[in-house]
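**Q**
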Amino acid sequence: MTFHQRTVAVLGSGTMGSGIAVVSARAGHHTVLFDLDDARVKQGLDRVGDFLDRSVALGKLDAEAGAAAKARTRGTTDLADLAGADVVIEAVVEDLAVKQDLFRRVDGIVSDRTLLHTNTSTLSVTAIAAGSVRPERVVGTHYCNPAPLMKLVEVADGRHTGGWAHDATLDFLASLGKTTIVTKDRPGFILNRFLIPWENSCIDALESGLGTVQSIDTAVKGALGHPMGPFELLDIVGLDIHRQVAMRLYEQLRDPRFFPPPLVDRMIAAGDLGRKAGAGFYTYDDNRLFGS
Ligand SMILES: NC(=O)c1ccc[n+]([C@@H]2O[C@H](COP(=O)([O-])OP(=O)(O)OC[C@H]3O[C@@H](n4cnc5c(N)ncnc54)[C@H](O)[C@@H]3O)[C@@H](O)[C@H]2O)c1
């Protein structure tokens, strides 16, 4: 299957869903963003528009391409609007029952050859696919946050994923300009297996007074060549999401390195969740979810 100007449905218009919608629309696909109510859909579409406008303002995208990408993106609260989608990308809350239920409902609407992708971070692709009557077309595609800026996507097949669905998924991700790595359907895939313990150790270093937010971020960018420091990244991800991912991996792997340090709980209690709250390790005077 070649993926040129296809129809892509993104389920969930939160941080990841709106970011993935940007990627899809920017790549030339007709993109439908689905969420539970109009307000959430509007918020997601606003984020898509805002990111594209900013890309144009920063000279990273030409104005015509930005306008075309916006025109290719629409929102819906009606799953029936997914009919005709070539790819469905699920990016809703990290809850197995919710994801299974959604795939069950999508089954009756899309065609047998529609790819069903899940962006889960910690759940089993096989378990999510069990919600579908066609688990052979379900593939794990784990985008990095912020999706419009980070090139990497981890691809993990479930136990029943078909070879055709795997290959078509790689073709589709290539159409998005993504770099893919193939991994196993295991807790945390590759990235979160080392990213979460590493972020926890950076938070520990901060909490124990080894360095400041700025000095640790500067050290990581300056010495390791990372584009963002751990605290800049954690503010984009959200402290609540970091805690949730860390705990889920801790519960599955029973490795104490995944257990979030106490500072994470104190920050969550204070409402300092990161960019989305206006404050995290840093403070923000805008409500952008993605970096620049
Ligand atoms: N945030 C990250 O850094 C990150 C990175 C990679 C993967 N993920 C994964 O992506 C998924 C989404 O995470 P997020 O950070 O975007 O969460 P989010 O809370 O920002 O967005 C989730 C969205 O899903 C919607 N939703 C909930 N139930 C729904 C339903 N039944 N139908 C349609 N929409 C529904 C919510 O209204 C919300 O808009 C999760 O599986 C998460 O593990 C997150």
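Sequential numbering of the sequence shown, starting at 154, is according to the numbering used here.
Every residue, glycine too, gets a C-beta built ideally from N, C-alpha and C.
#1: If you measure from the CB of Asp188, is any heavy atom of ligand 1 nearer than 7 Å?
#2: Report yes if the C-beta distance between Asn298 and Thr436 is below 8 Å; otherwise report no.
#3: For ligand 1, any of its heavy atoms closer than 7 Å to the Cβ of His295?
#4: Alpha carbon to alpha carbon, how far is Thr314 from Val335?
#5: What are the boundary residues of the beta strand (DSSP E) that His183 is part of?
#6: Give the DSSP bridge partners of Asp231, in chain order.
#7: For the candidate residues Ala221, Thr275, Thr267, Ala174, whose alpha-carbon lies nearest to that of Gly228?
#8: Alpha helix (DSSP H) containing Glu217: first to last residue?
#9: Measuring only from the beta carbon, is Arg193 closer than 7 Å to any heavy atom that is part of ligand 1?
#10: Can Ser285 be considered in contact with ligand 1, in the sense that its beta carbon sits closer than 7 Å to one or more heavy atoms?
#11: Below 6 Å CB to CB, which residues in the same chain sit around Gly427 once its five sequence neighbours on both sides are set aside?
#12: Can you tell me the Cβ-Cβ gap for Gln253 and Ala283, rounded? I've got them flagged as a contact below 8 Å.
#13: So, do the stretch 245-260 and the stretch 271-281 have three or more beta carbon pairs nearer to each other than 8 Å?
#14: Out of curiosity, what's the CA-to-CA distance linking Lys374 and Ile262?
#15: Which residues does DSSP list as the beta-bridge partners of Asp310?
#16: Can you tell which of Asn353, Gly181, Arg257, Leu249 has its C-alpha closest to the C-alpha of Ala221?
#17: Go through its chain and collect everything with a Cβ distance to Asp370's Cβ below 7 Å, but skip five positions before and after it.
#18: Out of Gly364, Gly431, Pro350, state which residue places its alpha-carbon closest to the alpha-carbon of Val398.
#19: Can you give me the C-alpha to C-alpha distance between Glu352 and Asp188, rounded to a whole angstrom?
#20: Is Ala282 a contact residue of ligand 1, with contact defined as CB to any heavy atom under 7 Å?
#21: Could you tell me which uninterrupted alpha helix (DSSP H) segments, each at least 4 residues in length, are contained entirely in the stretch 330-417, listed from first to last along the chain?
#22: Where does the unbroken beta strand (DSSP E) through His275 begin, and where does it stop?
#23: Any heavy atom of ligand 1 closer than 7 Å to the Cβ of Leu164?
#24: What does a CB cutoff of less than 6 Å around Val209 pick up in its chain, not counting 5 residues either side in sequence?
#25: Nearest CA to the CA of Ser285: which residue from Arg312, Ala430, Asp203?
#26: Quick one: what's got a C-beta closer than 6 Å to Gly341's C-beta in the same chain, skipping five residues either side?
#27: Cutting at 6 Å between CB atoms, please list the residues of its own chain near Leu305, excluding the five before and the five after it.
**A** Taking the definition as stated:
#1: Yes - ligand 1 has a heavy atom lying nearer than 7 Å to the Cβ of Asp188.
#2: no
#3: Yes, the Cβ of His295 comes within 7 Å of a heavy atom of ligand 1.
#4: 13 Å
#5: 183-187
#6: In the DSSP output, where bridge partners are listed per residue, Asp231 has none listed.
#7: Ala174
#8: 216-224
#9: yes
#10: no
#11: Asp388, Gly391, Leu392, Gly433
#12: 7 Å
#13: yes
#14: 46 Å
#15: Val292
#16: Selected option, being the one with the closest Cα: Gly181.
#17: Gly382, Pro383, Phe384, Glu385
#18: Pro350
#19: So the alpha carbons of these two residues sit roughly 30 Å apart.
#20: no
#21: List check, alpha helix (DSSP H) in window: 344-360, 366-377, 383-390, 392-406.
#22: A small fix is needed here, since residue 275 is Thr in this sequence, not His. From DSSP, Thr275 is part of no beta strand (DSSP E); its letter is neither H nor E.
#23: Yes, ligand 1 has a heavy atom inside 7 Å of this Cβ.
#24: Ala216, Gly219
#25: Here the closest residue by C-alpha is Arg312.
#26: Leu402
#27: Cys297, Thr332
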